[in-house]
Structures are given as structure tokens and as C-alpha cells.
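Residue numbers (the working numbering), protein chains in the order written: chain A, 45 to 520; chain B, -15 to 402.
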Amino acid sequence: MFDVVIIGSGVVGASIAYELSKYKLNICVVEKENDVSLGASRANSGIIHGGYDCVENSLMAKLNVEGNILVHQICKDLDVPLKNIGSLVIGKNDEDKQVINDLYNRGINNNVKGIKIIDSKQLYQLEPNLNEGFTCALYCESASIISPWELCIAQIECAINNGCKLNLNYEVTEIVAHNNYYTVSNGENSIDTKMIINASGAGSIKIDELLDECDYQCKYVKGEYYLLDKNQSSIVNHVIFQTPNKNGKGILITPTVHNNLLVGPTATNTTSDDTSVSSDGLQIIAKQVNNIYKDINLRENIRNFAGVRVRSLKKDFIIKESTKNKNYFIVAGIASPGLSASVAIAKKVVELVSVNNQLQQKETFINTRKVIRFNELSENEKIDLINKDKNYGRIVCRCENISEGEIINALNGPISISSIDAIKRRCNTGMGRCQGGFCGVKVMEIIAKHQNIAIENITADKKGSYIISNVTKKGV
Amino acid sequence: MYDVIVVGGGPAGLGSAISAKQNGAKKVLIIERDNVLGGILNQCIHNGFGLHYFNEELCGPEYADRFIKMVKENDIEILLDTMVIEISDNKEIVAINNQQGYLKLAAKSIVLAMGCRERAAGAISIPGNRCAGIMSAGSAQYFINKQGYMVGKKVVILGSGDIGLIMARRLVLEGAQVLACVEIMPYSNGLVRNVVQCLNDFDIPLLLSHTITKIIGKNRVEKIIVSKVDENRNVIIGSEIEFDCDTVLLSVGLIPENELSKKANVDIDKRTNGAIVYDNMETSVSGIFSCGNVLHVHDLVDHVTLESLQAGKYAALYAMNQTINSENKTISLKVDANIGYCVPQKVRLTNLNEDKKISFRVKKKFDSCTIIITNANNQEIKINKPYLLPCEMQQVMIKKELFENCDEILISIKEKGE
Chain A
45 MFDVVIIGSG
55 VVGASIAYEL
65 SKYKLNICVV
75 EKENDVSLGA
85 SRANSGIIHG
95 GYDCVENSLM
105 AKLNVEGNIL
115 VHQICKDLDV
125 PLKNIGSLVI
135 GKNDEDKQVI
145 NDLYNRGINN
155 NVKGIKIIDS
165 KQLYQLEPNL
175 NEGFTCALYC
185 ESASIISPWE
195 LCIAQIECAI
205 NNGCKLNLNY
215 EVTEIVAHNN
225 YYTVSNGENS
235 IDTKMIINAS
245 GAGSIKIDEL
255 LDECDYQCKY
265 VKGEYYLLDK
275 NQSSIVNHVI
285 FQTPNKNGKG
295 ILITPTVHNN
305 LLVGPTATNT
315 TSDDTSVSSD
325 GLQIIAKQVN
335 NIYKDINLRE
345 NIRNFAGVRV
355 RSLKKDFIIK
365 ESTKNKNYFI
375 VAGIASPGLS
385 ASVAIAKKVV
395 ELVSVNNQLQ
405 QKETFINTRK
415 VIRFNELSEN
425 EKIDLINKDK
435 NYGRIVCRCE
445 NISEGEIINA
455 LNGPISISSI
465 DAIKRRCNTG
475 MGRCQGGFCG
485 VKVMEIIAKH
495 QNIAIENITA
505 DKKGSYIISN
515 VTKKGV
Chain B
-15 MYDVIVVGGG
-5 PAGLGSAISA
5 KQNGAKKVLI
15 IERDNVLGGI
25 LNQCIHNGFG
35 LHYFNEELCG
45 PEYADRFIKM
55 VKENDIEILL
65 DTMVIEISDN
75 KEIVAINNQQ
85 GYLKLAAKSI
95 VLAMGCRERA
105 AGAISIPGNR
115 CAGIMSAGSA
125 QYFINKQGYM
135 VGKKVVILGS
145 GDIGLIMARR
155 LVLEGAQVLA
165 CVEIMPYSNG
175 LVRNVVQCLN
185 DFDIPLLLSH
195 TITKIIGKNR
205 VEKIIVSKVD
215 ENRNVIIGSE
225 IEFDCDTVLL
235 SVGLIPENEL
245 SKKANVDIDK
255 RTNGAIVYDN
265 METSVSGIFS
275 CGNVLHVHDL
285 VDHVTLESLQ
295 AGKYAALYAM
305 NQTINSENKT
315 ISLKVDANIG
325 YCVPQKVRLT
335 NLNEDKKISF
345 RVKKKFDSCT
355 IIITNANNQE
365 IKINKPYLLP
375 CEMQQVMIKK
385 ELFENCDEIL
395 ISIKEKGE
């Protein structure tokens, strides 16, 4: 019998698993895909927002601001890439200036630290490559950029190291409520648990319906992006937002922690699993980007992608215990700024759980994680590392200079993985301009050898994304 | 201290190392990232190599093997499975491998011969899903020819570059269906002989002025939409054709891999994406030379070899202190709007003891036309051509006399009747 089953291993489920694993609890995370972080958590802007954009007194505002502060220590403890580069909402005219003023006031009310309105001179000092004509901006010092999937992976790994179980490829299809416990099943294996936390992102309503729950409605909004080559990243220094107007928020432009430049997102209503990019969406981005920075060249694109965010129609996060089913907790509608708030959402869930359950802290909680990133080491560190382990001397991904040693580390990690993209999320192979054209096959060979599986069974990404269809005639 | 270090052990690296040795360099080293020499030739098991250089037809591995043998006979040092991660402009190389670890190597001169990579799917922003089954033609070639694995059963090829055409035939021979080769331009981007031998002979339709406008598939490609484009490459609504397929192979261009060159502060030509070089294949950094597909993308390996022999020779002469000071006066080679680029881009006045071979590519298709080479004194060379195609690199020899007493040479194309 588990104490807690967490359904979903996106950044919200991961944060909850991490927080709860600090307590003497038997926890199991179940995930329908073959790795963690495969929903909205891997396809978003990668921003830790300041918190001035959320409606005052909302759960969003409170948890965004709290999360913004908490995330720094977690990233430090668990070695997650985070850069505190600050954000700017840039404006051109009096109308924009008014909106920027309103945002500033909202920020102050939300208790956002380090925000100020700056004039055009200060703006161009911060962003010298910005097109001419911008007159003012809201500067938010506390905004950061982060690797969202690494935040997710790190927290799950830490939870596992502290005793949490992770069941991948486990899609919950049935939940039975007993008197004081639940049985969760995927149709093959069932798990008994005292509590359930539904953190299944775009799938939350489907899970709730298994218990005849669900008193909220959501809509699904697709955001499409361009991810540009590293040669574009030096053009922009901060997270750049346009001033929202009657046409919406417009696209944002931001460097990523991996030194690429990210441009997007669009916002179109869609279904819960549609992550295709459209020519209309790409055109919307293309039309806007050079109105902000004329030097950004979309022909330096290395990848387009889309993510689906789930917005509750109440326009706020839903974090609550079910009124019908005791010890069934719902964490839903976690749209932007969900990533920024995720670690505070987890604290909030712990609070809710502890209302009816005595939580005891573990005496020992392993709160460290170290990732070797060969590329970032000094010359002497590189020499020492290769001397210790020769696998670091073999470079596999030539665009990003990722060594075989780093790939083997990822494969030795607490989460059992066997796809090329799972390696990519952990050590950045194939993140460069050739997008795995050269290293993809080498990564497959290393996975096959290390996990002792046939190369034909290695997928690019999720189940079914096979790469090899059959064998050749072998000269027959 | 090496006389010459060659970065890359493909055809350009092999040729330049042999030439360096034969022109007097004593200590020559090739650094190759793969575990064998030969580069991409090792996966090019089709024939058609060597017609110009050896006057016989070889397959890729055979062509490479001839040079690998010469490398071994010439007592050239080799580091395999070794990645160069830094080159400084004072010609220090940092390389790593899993045997010797971290290596710092110095050379009197360096030849950059890292080759090129394929343009990836991201660079062309095809709408639709990001499912498996979208792969560059070269990656598919590696899987099939080197590993013995097929990458799909029903394939559409986007782009008509030579690798795409070669792979169309290869896939059919291995039992796959190739439904079409789709090319956005109104002409093929591959050599005519490859269109005939790889598509026409196998009844594979070549859809010119068409492109893929959507890829559909949850986890693996399931279907694609192909549309016709107008003369400005805008999609014509209503022209959509559906193909049920599991694979899309991309053959949409090659890009010289100059990340290391940039670290060495070598000036790059935006048109070629390769180094700007003098007639001796020397880059803007004294003593660093460049040749082969890292300099500009070639159609034929024979041309790569000839260029690499030049680079190797002059790298050796530089190492032996017989070179000419790079600060001497130079002649610029310019091209008109019909031509994409030319290589070399500059000729040194002090190096006018021989005629100069200039390579260039036209930007669009020309029927009956004339290549005109003019110097500042209005002396001209005219070469009539029945046609010129962007996919066929042109090479012209310019007599050394034409360079005398001028600071600029212009290469232009004149269409018949103009």
C-alpha cells in the first residue's frame, strides 16, 4: 500500500514528488509516457516570471512570486540550469506606457521584488540591438530563464533517490475508491494507495472523470515557437515581452539557458494533444519578430515546436482536495506561470495533504545532485576527468561537444530511459545546429550497448516513434 | 611541433596531407573524429567517383582506399577517434580522445578539412508534427549502408540534392517504395546523371516546383501533404497532393562546418559559409589553409581532391618558410549578380607564377550563355556554354597574364541575345 500516488510527472508532479519525498511517505509517481516531462513541461518558454502579470490576490500571483524565490535554491541543490537575466516589457506609445504603469502597480501589489519602470535611454543600454522607437519599459530583475525539463528530471531523480517509485508507461485507466484507500490501475497492474494527487496536466479532466469528479472546465491553448541557432543568442540580453494590447500579448523573445534564442509563442485554441506547428502560426511569429529586433534571422532556425497549455476557465490554478473523495487532490489548470509557480504549488499541496494526514519529516533527505557538463569545465578539470574515465574523451555530439561519458551518466541515472530524446533532455546531445544528424545514430548505439537492447527498439521519443523499420537485404 | 596538421580525414584531408608530405613537409598529422579514415566516402557505396582524377569509375570506399594507402606509404601520422575542440590563431590545436586524453598540439601550418553537414529539418520549418521518420538523406545512407538497417518502407524525398537522388535508388533496391522526390525549385538540384540513373530509371516521379506543406503523424510519419509553388515559391492553394508514407528524407542542402575555423578567427564568406581564401588556399589567418567541402560545397570528390592537393602543397611551403608574406598586394575576384560566389576570393600579386583555377556557381539556370572574365584593363576571356545550372560547379582557368597590373577581376554571365 502506498501512501501517495502522484499521477503525472510533468514539472508539477515532479515538484510534488520532490517535496513529499522529504517526509516519511511511501510515494509512487505514475506516468503514461516513456519518460518524465513529456507534456507542456518540455514545450514552453522556459521562463521563471517575476509575477507582475497575474491578477492581484489570485493563487497564480501568490504562487508565482513564491515560486520565483524558492526555485533558486532548488536549482542550486539539484544542479539545474537557471540564469537570472531579468525581463523587460517594452513599450512604444502612451497607451503602452499606461499598461506598463498598470503592470508595475500590479507587481507592487503582488509583492514582486526588483521591478521598476525605465526610460528609453536605460532600455537601450540594457538592449542595444532593440529596434528604434521604444520609449519605456518595465524592468523586472527577478525574472529568470530555466531548463524546464531539467527542473522536472532533477526533482524526480531526487525523489527517487529518497525512496519514491516511478512507474513509466503506466496510463491510469481505472480508479476505484474504497472506504479509506484507492486502487489505481492501468488495466494490467493495480496499485493501492491512501492518497492520490492528480497532476496530469492536459489529462487532468480525464483522470477526474474516473472518479466522477470534475467541477471545472479547461481550454487548451497551443503555443508555437522557433528555436534559433546559438549564433543568434547574443542579440538579446533579457526576456523581452511586448506590451499586451487588445490583440493579446504578442510573442516574446528570450535567450535560453542553453544559449539559443527562443521566439514565440502563438496562442491558438486546440485539443489537448495537438502539438503540431502550423504555417499560419509560424507566419504570425515571423511577422512580429523583426519589428522588435531587425537583426534576428529566422533562417537560423534549428527547430520549431509547439506546446499545449491548459487554462482553467476560472483563470486561476485549481489546487484542492476533492469534496467528494477524501484524500484525492486535484492540481489542474496549471497554465502560465505554472513553471514559475511549480515549486510553490508543491509546497501548497504539502499543506493541503497535511491537513488530514500527519506528515513526519525524514531524518535524512538526500538533497544533492550533480551533473557533469564536460563543455563547461576548465582545461584542468577536463584533463582530470578524462584521466579518471576515458569515456569523457570521446566526443559524440559534435555541435555541442557532448562526450560519451555524459551519455553513460544519463543512462545510469535513476530513471530508466531508452530514447534519443531522453538522452537529449539530460545531456543536450542533438540540441545543436545539426539536430542529431550525426550523433543520433551514435547515441542509439550507446543506448543499445548500455541497456542491452536491440537498436531496432530504440525510439526517437515517445512509444511508437521508431527509427528503424526493418533490416536491409544484407547483400542478398 | 608538426609541420602540417590536417583537421579531418575525409577526401580533402587525405589529399592535402599527402600533398603536404610530397611537397617537403616532414612531420604531417591527420586528426580524424571517426574511427576510420575516408570520411563520408565510406558510406557512399555507389559508383561514379574518380572519373576525373583516376580516369576510371570507383565506388566511394574504393576512392578513399587509394588515398588511405598513399597516406600510409607516405609516413603520415594519424589520430583516429579524436575530436579537435579548439584551434587558436597561433596554430595551437586542442584535441581529445579516449586513449591519450587531452592533447595540445602545435603546427607550423594547419589545413582545415572538416567537410560539411546536411541542412536539418528545422532550417526549413515544415508545418506539422515533429514525429519520427523525418531524417536527412545522409543519415539514412549511414543506417542502410554502414549498419544494415532500413529507415522506412514508404518514403518521400524532399529536395533533389545528389544524396537524396542516390538514396532514392538505394531505398528501392533495398525493397522500399519511393513515392516521389519533391523539389521546390523548377529544376533539379542534383547532377543530371543522378536524376536519370536514380529517378528516371526507377520510375520515381520528380515533382519540380513542389514542396511538403504538412507532415502528419502522431509518433511516426503517417501522411504528408505536398503542394505546388509559384515562381516566387509561394504555395498554390488547391494544389495539395496527399502521400501515405512513413518516412521523409531531406536532401535540402549542405553547409560547410566552420565552427572550428571561427574559433581560429578565420574570416568567413557569407555566400559560401566557408573561409575566404587566397589562390594558395590560405585563409585570412596566416598559415591556416582550407579546402574541400568545408571551404565550399563541391559536386564531385575529384574536384575536392584537386583542391586539397593545392592546399596541402602551400601548407607545406608555408611550414618550410618558402611562402609569401600575406600582407602583399592582392587582386580581388568579384562576381556579378548571376553568380553566387567564387573561390578563391583573392589572388596575391607575388604569386603569379602560374595560371589560376577559379571555381564558381551560378544562382539560377541559364540556357546558351557566355562566361566573361574581365580585368580592370578591359582585357576579356569569353567562354561559351550551352547551359549553366546552380547544381553544377563551374571551374575556369584564368591565365596569369590577365592578373598583371590590375587589382580586380570580374566574372560575369551574359545570356545569349543580351
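C-beta atoms are modelled at their ideal positions from N, C-alpha and C, and glycine is treated no differently.
Segment limits, beta strand (DSSP E) that includes residue i
i, result
"Gln286(A)", "283 to 286"
"Ile118(A)", "Where Ile118(A) is concerned, there is no enclosing beta strand (DSSP E), although the alpha helix (DSSP H) it sits in stretches over 103 to 122."
"Gly32(B)", "31 to 33"
"Asp339(B)", "From DSSP, Asp339(B) is part of no beta strand (DSSP E); its letter is neither H nor E."
"Ser274(B)", "272 to 274"
"Asn81(B)", "76 to 81"
Residue environment, residue i, which counts as buried when at least 16 other CB atoms sit within 10 Å
i, result
"Tyr372(A)", "buried"
"Glu444(A)", "buried"
"Asn305(B)", "exposed"
"Ala33(A)", "Since the first residue shown for chain A is 45 and the last is 520, residue 33(A) is missing from the structure and cannot be characterised."
"Ala360(B)", "exposed"
"Asn381(A)", "Note that residue 381(A) is Pro in the sequence shown here, rather than Asn. The residue is buried, with at least 16 neighbouring Cβ atoms inside 10 Å."
"Gln27(B)", "buried"
"Asp339(B)", "exposed"
"Tyr371(B)", "exposed"
"Ala90(B)", "exposed"
"Gly158(A)", "exposed"
"Met(-15)(B)", "exposed"
"His282(A)", "buried"
"Lys165(A)", "exposed"
C-beta neighbour in chain B for residue i, strict 9 Å
i, result
"Ala466(A)", "no"
"Ser422(A)", "no"
"Asp505(A)", "yes"
"Gly417(A)", "Checking the sequence shown, residue 417(A) turns out to be Arg, not Gly. Arg417(A) does not count as touching chain B."
"Cys471(A)", "no"
"Tyr436(A)", "yes"
"Asn514(A)", "yes"
Cβ shell of residue i (< 6 Å), same chain only, five flanking positions each side left out
i, result
"Pro328(B)", "Val261, Tyr262, Asp263"
"Leu192(B)", "Glu167, Pro170"
"Asp391(B)", "Ile315"
"Cys208(A)", "Ala61, Ser65, Ile71"
"Cys115(B)", "Gly201, Asn203, Arg204, Val205"
"Gly480(A)", "Gly474"
Beta-carbon proximity list for residue i, same chain, < 7 Å, skipping 5 on both sides
i, result
"Lys198(B)", "Pro111, Gly112, Ile208, Ile209"
"Asn205(A)", "Ile410, Pro458"
First and last residue of the uninterrupted alpha helix (DSSP H) at residue i
i, result
"Arg86(A)", "Segment: none, Arg86(A) is in no alpha helix (DSSP H) and carries neither H nor E."
"Ser131(A)", "Here Ser131(A) belongs to no alpha helix (DSSP H); instead the beta strand (DSSP E) covers 131 to 135."
"Pro447(B)", "Residue coverage of chain B in this structure runs from -15 to 402, which leaves residue 447(B) outside it and unanswerable."
"Cys202(A)", "192 to 205"
"Leu244(B)", "243 to 247"
"Pro45(B)", "44 to 57"
8 Å CB neighbourhood of residue i in its chain, flanking five on each side removed
i, result
"Ile362(A)", "Tyr260, Ser356, Ile374, Val375, Ala376, Gly377"
Cutoff 9 Å: residue i Cβ touching any chain A Cβ
i, result
"Met381(B)", "no"
"Val219(B)", "yes"
"Lys347(B)", "no"
"Tyr404(B)", "Since the first and last residues shown for chain B are -15 and 402, residue 404(B) lies out of range."
"Phe127(B)", "yes"
"Gln131(B)", "yes"
"Glu102(B)", "yes"
"Ser245(B)", "no"
"Gly136(B)", "yes"
Identity of the residues DSSP links to residue i by a beta bridge
i, result
"Cys353(B)", "Lys369(B), Glu399(B)"
"Leu272(A)", "Leu305(A), Asn345(A)"
"Phe227(B)", "Ile208(B)"
"Lys160(A)", "Tyr183(A)"
"Arg154(B)", "Bridge partners of Arg154(B): none, in fact."
"Phe387(B)", "According to DSSP, which records beta bridges pairwise, Phe387(B) is partnered with nothing at all."
"Thr319(A)", "Answer by DSSP bridge pairing: none, since Thr319(A) is not bridged."
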